[in-house]
Amino acid sequence: MLSPLVFSSATIEAFEYTKVTLLLTAAILAAALAPGALARDRAAAIRDPLGTAVVLFVLSAIVSTVVSIGRWASLLGTHESYFGLTTILAYAVLFLATRAVCESAADLRRLRLAPIVAAAPVSLYAIVQIAGLDPIVYARVSGLGGFVRPFATLGHPNFLSAFLVMTAPLVVHALVRALGRGQRVVAAALGAIAVVSMAAVAIAVSRGAWLALAAAALVMVIGAMVVGERRAVAAIGVLAGGGACVIVALALVLRGGVGGMVLAGLGQRLRQLGDAGSRQHIWRAAWEIFRDHPLVGSGLDTFQLAFAGKRTAAYWNIEWNGSPTRAHNEALNLLATQGLLGALGALALLVGVALVARRALRSTDDRLLVLALIAGGAAFVVQDLFSFTVAGCGTLVVTQAALLSRLASPGVTSEARDGTAGFATILAVGVLLAVGIFATNLSAGPLLDEPGRVGGGLAVLAALLGGAGTALALVRADRASGLAAAGDRAAPRSPRAVVARPPRWRATAVVSLVAGAILLILLVVRPLVAAWAAQDGVLLTATSPGAAVESLERAVRLDPFVELYWVKLGAAAHAQARRERDREGRVRALGQARTAYERARALAPANAYDEANVARVIADLAVEGAAPPAEAFAGFDRALARDPNNAYFYVDAAGAAVNLGDAERARDYAARGVARYPRFGIPRAQVGYAALMQRRVGDALEPLREAIAADWHGATEAQGIAASNLAAAYLHLHRPAEAEPAARLALRLAPALHDARYNLARALEGLGRRDEAVAEYRNVLAQRPDYAPAREALRALSGS
């Protein structure tokens, strides 16, 4: 339940990977340490309609994994999604374990405080981020209208908002209970958590979360009025007003015009409330994938693999080089990846939730808690119609569903056991771990450069401690009221009966512990160490590819079934090959890259990117005479057949043809890329260069000129090369006056490009500006002393 606080920049993916790892750890420990409790509750859980639905959904996930187009992706989950079968099974264990350990209403009330504790620092962290006081510097952020949307510890604004919206009804429930007991300080703290959370949801500008918040508020207001909890209705109204005031205050006090940008972003999102943007293309592709695999889908968590063949040029132009991991609509994603069987399982879950919610409302005295759980579930469903399930929200909704199921069970007692000490211990451990995790993600540089960031970090930690203190105060008040109620009862409570354990209990416990330890090593420890090694390798690839190869080799040894690690190993070896000076070293490194890429392709045969990676390295081997060129082009053709609207596949194939001296094939691949993406500069420049290769210099001018004025999507150096080629073409046609500005443009775009400087010198020489030409030839030789054409030109000028 505290998983939203877990993240790490030391792993290959900072947010979702660590949360799923925590989920797996918790599920394994629950099964290993409490097998008896799970066994005792097993029959009741299966008789429960929601428990039956959970079993059916797990079975549908298993079937989809078996017939998947990418079985390893379905089993372990794809990068940045991690929604494979292991995650589904962990959710199922979490559901069963929550039901098993919550024996009394007091247990349920204590457990529902965990997300409130997490909401306190998470929501304030969002405010700290929007104020520019984030103590951690992130490489990837989501922007809108000039400001960075906050994401806190969830990794994305949409996920941050979803978690806070799902938690809000629980905060309202705790607030109402605190007010009823006269805990004014606690009520004020809960009100602050709620108000800051609502402000964070607003400034994260997630339209799905706004609709989810409206749905949750509607359920709470109508439900509270029906059950006679008018105080809850009033609290919701006051909190909504408080949230609006915080938003206005932020707009006024935020520095550097950020407040105005926040308000502008809010207005932009409101105007675009019904604009689907790129998602309409994703949703259409999801439906087409479902039509291709109607019964069991393409396979659990294989949406990204199946999407490649459905991607349109229109989508590529909106989300350049983007491949969604999920469908941004959980219903469509379910149909695409699990088919009708998965849809039936999901429908069974919804029906099961409705049935247990109805029973819980009838059987429990705390009907406001039931309403809060229902409202949180409603928020989850609405949010997932525009997004998808992540671990921070998935663990919360599964726990809420388990609490509803337990409240509906006749086995729940109102007996007030003293769990305060245990709760305090667990809370203290959780807080210490959260502080440690937050501290490990800090780096000294930003904190020293901007001391205000230190204050931002301290504020987040203070919010965490405040949330924990608030939860502890609520638990103590619950305990006090429970003892008072017990003292009023006439009948004394009988001592707890000692449950006789069967003779084989010790053997069962030992087997469970051993199995749990093995699973922890295989599914948590080794993958986690591999993720650390992989991240080290990724960070080293650009500067020290040899060291990167060593780190990534360790990663694939520890976790050999993760396709991404083999891809990154191939990329590191490929980078090392470019640094090798002798042919033998290059061929050896390229061979290692090929082996790694082929292992990745074997793990995900449907992945077009893996096919293209293999083709690229074979093309480089062919340049060295160590592979047949036809094999490379066959690989590019297979990649394009699977992903025909991938602009960079055409660019890479054309580039390989250029390197291999096949001008006609280069022109063909590049022209196909231009036909799909007329405004993309690289393939148009390749058409021009192919003409230069064929000595059709006049035919090269127009595509090169058009390419330079086109969109290069950040490939500035490549644009500079195109400008240099245009200058060379003008020089070949004896047009130095036009060559000079093209060469100067090339140098502005790529100052270290010696060919461009040489072309500038030639243009100046052709224009009769001898001294300037001499200076530029000397600059070329200063950049590259072995550049023979510049040395010869300089010698000729000196002798004239």
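Under this note's numbering, think of the first position of the sequence shown as 53, with each following residue one higher. C-beta atoms are modelled at their ideal positions from N, C-alpha and C, and glycine is treated no differently. If you're wondering where the values come from, they're calculated on a predicted model, not measured in any experiment.
Boundaries (first-last residue) of the alpha helix (DSSP H) holding residue i
i	result
serine 249	236-255
histidine 626	615-631
alanine 267	259-279
threonine 377	Taken as a continuous stretch (DSSP letters only), threonine 377 belongs to no alpha helix (DSSP H), as it is neither H nor E.
alanine 648	635-655
valine 832	822-835
lysine 71	68-85
tryptophan 368	365-370
histidine 131	Here histidine 131 belongs to no alpha helix (DSSP H), and DSSP marks it neither H nor E.
alanine 27	As shown, the chain starts at 53 and ends at 852. That puts residue 27 outside it, with no answer to give.
glycine 294	282-305
phenylalanine 147	137-153
serine 776	768-784
glutamine 587	578-592
glycine 677	No alpha helix (DSSP H) holds glycine 677; DSSP gives it neither H nor E.
glutamate 65	It is not in any alpha helix (DSSP H) - glutamate 65 carries neither H nor E in the DSSP assignment.
leucine 425	419-436
tyrosine 190	First-last for tyrosine 190: undefined, no H or E at that position.
glycine 818	806-818
tryptophan 339	331-344
glycine 598	597-610
isoleucine 114	101-118
arginine 162	157-163
serine 415	382-415
CA nearest to the CA of residue i, picked from the options
i	options	result
alanine 706	Ala684, Thr70, Gly643, Asn210	Ala684
alanine 532	Phe342, Ala813, Ala158	Ala158
arginine 757	Arg747, Met745, Ile773	Ile773
methionine 272	Leu231, Met218, Val576	Met218
proline 87	Ala125, Val153, Arg99	Val153
alanine 514	Pro173, Ala191, Val145, Gly103	Pro173
leucine 846	Ala834, Asn831, Val826	Val826
asparagine 493	Ala848, Phe432, Leu396, Pro187	Pro187
threonine 595	Ala567, Gln628, Val224, Leu574	Gln628
glutamate 281	Val247, Gly232, Ala582	Gly232
alanine 525	Gln235, Ala752, Pro793, Trp584	Gln235
arginine 414	Pro579, Arg505, Leu459, Val247	Leu459
alanine 454	Leu833, Asp100, Asp823	Asp100
valine 119	Leu393, Pro167, Arg728	Leu393
tyrosine 661	Ala424, Ser375, Gly474	Ser375
isoleucine 426	Leu812, Leu402, Ala654, Phe211	Leu402
arginine 33	Thr138, Ser461, Ala379, Ala400	With the chain running from 53 to 852 in the structure shown, residue 33 is simply not present.
phenylalanine 475	Tyr649, Val169, Ser175, Asn831	Val169
proline 597	Arg638, Cys445, Glu663	Arg638
arginine 336	Val285, Ala388, Ala301	Ala388
alanine 789	Val279, Asp501, Arg821	Arg821
alanine 715	Phe688, Ala743, Asp704, Arg690	Ala743
arginine 646	Met745, Ala625, Ala658	Ala625
alanine 727	Ala641, Leu500, Val749, Pro755	Pro755
glycine 508	Val107, Ala266, Tyr177	Tyr177
alanine 770	Ala781, Arg748, Ala752, Ala804	Ala804
CB-CB length for residue i against residue j, believed under 8 angstroms
i	j	result
arginine 151	aspartate 695	Their Cβ separation, rounded to whole angstroms, is 44 angstroms, which puts arginine 151 and aspartate 695 out of contact at 8 angstroms.
alanine 511	valine 180	6 angstroms
alanine 762	phenylalanine 732	6 angstroms
tryptophan 339	asparagine 697	Going by Cβ atoms, the distance from tryptophan 339 to asparagine 697 rounds to 18 angstroms, so no, they are not a contact pair.
glutamine 390	alanine 113	7 angstroms
histidine 345	serine 439	Wrong, their Cβ atoms sit about 23 angstroms apart, outside the cutoff.
leucine 216	serine 175	6 angstroms
alanine 674	leucine 712	6 angstroms
arginine 653	valine 666	6 angstroms
At least 3 beta-carbon pairs within less than 8 angstroms: the segment 128-136 vs the segment 63-74:
yes
Does the contact criterion of 3 or more C-beta pairs under 8 angstroms hold for the segment 344-362 versus the segment 400-408?
no
Any alpha helix (DSSP H) of 4 or more consecutive residues that is wholly inside the segment 679-731
681-694, 699-711, 715-728
At a cut of 8 angstroms, does the segment 198-216 reach the segment 235-242 through at least three beta carbon pairs?
no
When you compare the segment 607-626 with the segment 584-597, are there three or more beta-carbon pairs, one atom per stretch, that lie closer than 8 angstroms?
yes
How do the segment 629-640 and the segment 603-615 stand: do at least 3 beta-carbon pairs fall below 8 angstroms, yes or no?
no
Using a Cβ distance threshold of 8 angstroms, determine whether the segment 575-583 contacts the segment 71-90, with at least three qualifying pairs required.
yes
Mind the definition here: the segment 289-301 touches the segment 423-433 only if three or more C-beta pairs lie below 8 angstroms; say whether that holds.
no
If contact is defined by three or more beta carbon pairs under 8 angstroms, each pair taking one atom from either stretch, is the segment 787-796 in contact with the segment 808-820?
yes
Please specify which runs of the alpha helix (DSSP H), each continuous and at least 4 residues long, are wholly inside the segment 442-495, giving them in chain order.
443-459, 472-492
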